[in-house]
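Notes to accompany the following structure.
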Amino acid sequence: MINKSLKELAQALAAKQISSVELSTLFLDRIVRLNPDINAFVTVDREKTLAMARAADARIAAGTAGPLTGIPVAQKDIFCAEGWTTTCGSKMLANFVSPYDATVIRKMHSEAGMVSLGKTNMDEFAMGSSNETSYFGQVKNPWDRTRVPGGSSGGSAAAVAARLAPAATGTDTGGSIRQPAALCNLTGLKPTYGVVSRYGMIAFASSLDQGGPMAASAEDCALLLNTMVGFDERDSTSLNRPVDDYARDLDKPLNGLRIGLPKEFFGEGCDAEVMAAVRAAIAEYEKLGASCVEVSLPNSHLSVPAYYVIAPAEASSNLSRFDGVRYGYRAPEYGNLDDMYMKTRAQGFGAEVKRRILIGAYVLSHGYYDAYYLQAQRIRRLIANDFVEAFKSCDVIMGPTSPSTAFKLGEKAADPVQMYLSDIYTIAVNLAGLPGMSIPCGFVGGLPVGLQLVGNYFAESQLLNVAHRYQQATDWHARRPGAID
Amino acid sequence: MSLTLEQVKRIAHLARIEISDDEALTTQGHLNGIFQLIEQMQAVDTAGVEPMAHAQDVSQRLREDAVTEVDRRAAFQAVAPETEAGLYLVPKVIE
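Top line first, the protein sequences correspond to chains A and B.
Sequential numbering from 772 applies to the first sequence in our numbering.
Sequential numbering from 248 applies to the second sequence in our numbering.
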């Protein structure tokens, strides 16, 4: 049961082969047994989960169930959930019990009737690519427990890979859904900016943050995405457009699909064996009827520099709210008000978060704003324009998600710049606001490799279709780590 | 460009983060590494390029000037470090 797809689980629930309480208990028991080592979850609340499962069973019995009612899901701990501790991976919020639901939480649980298995570990305030900046300890990659699961949605990725949950949510500001999906052999989708509401999703960089699904297949992601999207007047950048059924086009044939291969993604900087797996996946697509065309993203090498100005600038502004006054941590001892702020923030934030706040404060400060912040925004425009140009000659762009497979715990933790460069292929997509996916496409030394798919604005259905057809022809996505139990 | 120790301390103060001399020194090294990466931007001619603040070119929505939220002060203050009589308590600001 634990390896079944969301569609199969929905069928089993509808056919009364299993109840939501039984299904949720299966996963809760696995969490009890396996989470102490993997550390994918930071909060589990059996009673709350089972109460949600009982409510789902009642809906199923009453005939008012939706497609995913009763299916358990893990929530990244960046989403506020009423009555649940919501930490964002930080000491600053270690005791914060949210008084309200994020829109994504409300939609998935109150509306769709999904059951929350708990809150997953993450890099502190989503700042990291290895899950090592979490205040709640590192997460182990189920494929090799001496390695990172990726980040920032590392807990969600490890939870699904170890089948502690059938699926999970993530958020992606610079690659935080796609990179951990790649490193843990999952399918993950970052939607077009504005498609999934940011209300109640603790803000890191507001012009880049976007929530999305992480699961075992494109089909599972499509079903999950259906429950997550929609216009939300509580999010000032939510887009008001007709809601798609993301599962509708999954089976469309790929004949005539034009795949753009950016020459900048196929040059130096990527592990040769990772690149070989990516090229083999592209060859498989050609067998499925697609053709390839070389495209260019000439400014893509500037995406990491521009991102590390824009994201910290927005973060320094967003994280100014954590001042020890209205919620969260407050230093136990302080003098005047300023001293209370200074000590609260010094003690409540970890090293990486402080670094980014300082970068942000600097690039926004008088005398540096034009040279850094405005220049980064101009480069952001150039990067977005590169994609517009590229999509004139192709339907979908492909390349590696990450330049390497999962690295060792501790390997890059002391060197921020090396860590930042692990997102070299994913960041441009956030800057442009485009939808992107990572899908499993092979293994190097027993570790998963991810293929990145980038679509044009609002092409989520097409991306899921392109991913699903590949997953019908290959079984990389169905491989599970051995020796979990 | 490289940041001096004094600049690191000044930024930390602007960001209201207390920083010890030791931490400032380590931070200086890390920030200078990061700014070396960022400096690549300076070689790019962006004259005439419109800065892009957002992925979608949409303007802010307006709504009716009407009360839409309910009063949840008790729930919101329940998570505050220190409150009294419906107010947030902080160290004395005005003598």
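A virtual CB, placed ideally from N, CA and C, is assigned to each residue, including glycine.
Proximity test, Cβ basis, 8 Å: residue i and chain A
i                : result
glutamate 311/B  : no
methionine 331/B : According to the sequence provided, residue 331/B is glutamate. The question's methionine does not apply to it. Chain A, which has no Cβ nearer than 8 Å to the Cβ of glutamate 331/B, makes this no.
threonine 251/B  : no
isoleucine 281/B : yes
leucine 278/B    : yes
valine 291/B     : yes
Alpha-carbon spacing of residue i relative to residue j, whole angstroms
i                : j                    : result
tyrosine 1078/A  : alanine 993/A        : 28 Å
aspartate 1194/A : leucine 334/B        : 44 Å
tyrosine 964/A   : methionine 972/A     : 14 Å
tryptophan 736/A : aspartate 1020/A     : The displayed coordinates of chain A run from 772 to 1256. Any statement about residue 736/A would go beyond what the structure contains.
arginine 934/A   : alanine 1043/A       : 30 Å
valine 1066/A    : alanine 952/A        : 25 Å
alanine 974/A    : aspartate 1003/A     : 16 Å
alanine 883/A    : serine 900/A         : 31 Å
serine 988/A     : valine 931/A         : 11 Å
asparagine 956/A : glutamate 1182/A     : 20 Å
proline 1211/A   : glycine 946/A        : 15 Å
serine 1009/A    : arginine 969/A       : 8 Å
tyrosine 871/A   : leucine 1090/A       : 19 Å
serine 894/A     : proline 1187/A       : Residue 894/A is actually aspartate in this sequence, not serine. The alpha-carbon atoms of aspartate 894/A and proline 1187/A are separated by roughly 14 Å.
lysine 915/A     : leucine 1218/A       : Just to set this straight, residue 915/A is aspartate in the shown sequence, not lysine. Their Cα atoms are separated by approximately 8 Å.
lysine 339/B     : aspartate 1110/A     : 12 Å
valine 1134/A    : glutamate 1039/A     : 30 Å
tyrosine 1196/A  : phenylalanine 1036/A : 7 Å
serine 1088/A    : leucine 1205/A       : 24 Å
Neighbourhood of residue i by C-beta, 6 Å cutoff - its chain only, sequence neighbours within 5 removed
i                : result
arginine 1101/A  : Gly1095 and Thr1115
valine 966/A     : Val1000
glutamine 782/A  : none
alanine 865/A    : Thr858
leucine 1025/A   : Leu1059, Gly1060, Ala1061 and Arg1240
asparagine 806/A : Phe812
leucine 1222/A   : Val1049, Ala1052, Ile1210 and Cys1212
isoleucine 876/A : Phe850 and Ala852
glutamine 1233/A : Gly1226
Neighbour flag for residue i against chain B, beta carbons, 8 Å
i                   : result
alanine 1117/A      : yes
leucine 1234/A      : no
tyrosine 906/A      : no
valine 1075/A       : yes
asparagine 1227/A   : no
alanine 822/A       : no
phenylalanine 867/A : yes
valine 1096/A       : yes
proline 1103/A      : no
serine 861/A        : no
proline 913/A       : no
Own chain residues within Cβ distance below 7 Å of residue i, not counting five before or after
i                : result
lysine 1023/A    : Asn1236
alanine 302/B    : none
methionine 823/A : His880, Val886 and Ser887
threonine 313/B  : Checking the displayed sequence, the identity of residue 313/B turns out to be alanine instead of threonine. Hits under 7 Å: none found.
threonine 944/A  : Ala897, Phe975, Ala976, Leu979, Asp980, Ala1082 and Asn1201
alanine 1238/A   : Thr958, Ala989, Met1208, Ile1210 and Leu1224
Interface partners of residue i on chain E, CB under 7 Å
i             : result
alanine 322/B : Given the protein chain composition of this structure (A and B), no chain E is represented.
Cβ neighbours of residue i in the same chain (closer than 8 Å, five flanking residues each side left out)
i              : result
tyrosine 754/A : Nothing in the structure corresponds to residue 754/A, since chain A is present only between 772 and 1256.
alanine 1184/A : Ser901, Glu903 and Met1190
* Mind the definition here: the region 910–926 of chain A touches the region 783–800 of chain A only if three or more C-beta pairs lie below 8 Å; say whether that holds. => As far as the Cβ criterion goes, the region 910–926 of chain A does not touch the region 783–800 of chain A, which means the pair count is below three.
**Asked** Do the region 292–299 of chain B and the region 1142–1153 of chain A touch if we need at least three Cβ pairs shorter than 8 Å?
**Response** yes
Q: Tell me, please, whether the region 1160–1173 of chain A touches the region 1029–1047 of chain A by the rule of three or more beta-carbon pairs shorter than 8 Å.
A: yes
- Note down, one range per segment and in chain order, each beta strand (DSSP E) of at least 3 residues found wholly within the region 806–878 of chain A. Here the runs fully enclosed are 812–814 and 843–847.
Counting Cβ pairs closer than 8 Å, one from the region 905–916 of chain A and one from the region 858–865 of chain A, do we hit at least three?
Yes, since at least three Cβ pairs between the region 905–916 of chain A and the region 858–865 of chain A fall closer than 8 Å, the two stretches touch.
- Message: Restricting to runs no shorter than 3 residues, where is the beta strand (DSSP E) found entirely within the region 1102–1183 of chain A?
- Response: 1167–1171
Please list the segments of the alpha helix (DSSP H) lying wholly inside the region 1203–1251 of chain A, counting only runs of 4 or more residues, in order along the chain. 1231–1244
Touch test, the region 255–265 of chain B against the region 1126–1143 of chain A, Cβ-Cβ under 8 Å, three pairs minimum: yes
Hey, which unbroken runs of the beta strand (DSSP E) at 3 residues or more fall wholly within the region 1045–1081 of chain A?
-> 1062–1066
Inspect the CB distances between the region 277–295 of chain B and the region 249–257 of chain B and report whether three or more fall short of 8 Å.
yes
Handout entry: contact_flag[the region 1138–1147 of chain A, the region 1049–1060 of chain A] where n(CB pairs < 8 Å) is 3 or more
Key = no
message: Ignoring anything shorter than 4 residues, give me the alpha helix (DSSP H) runs that lie fully in the region 983–1057 of chain A, in order along the chain.
response: 989–999
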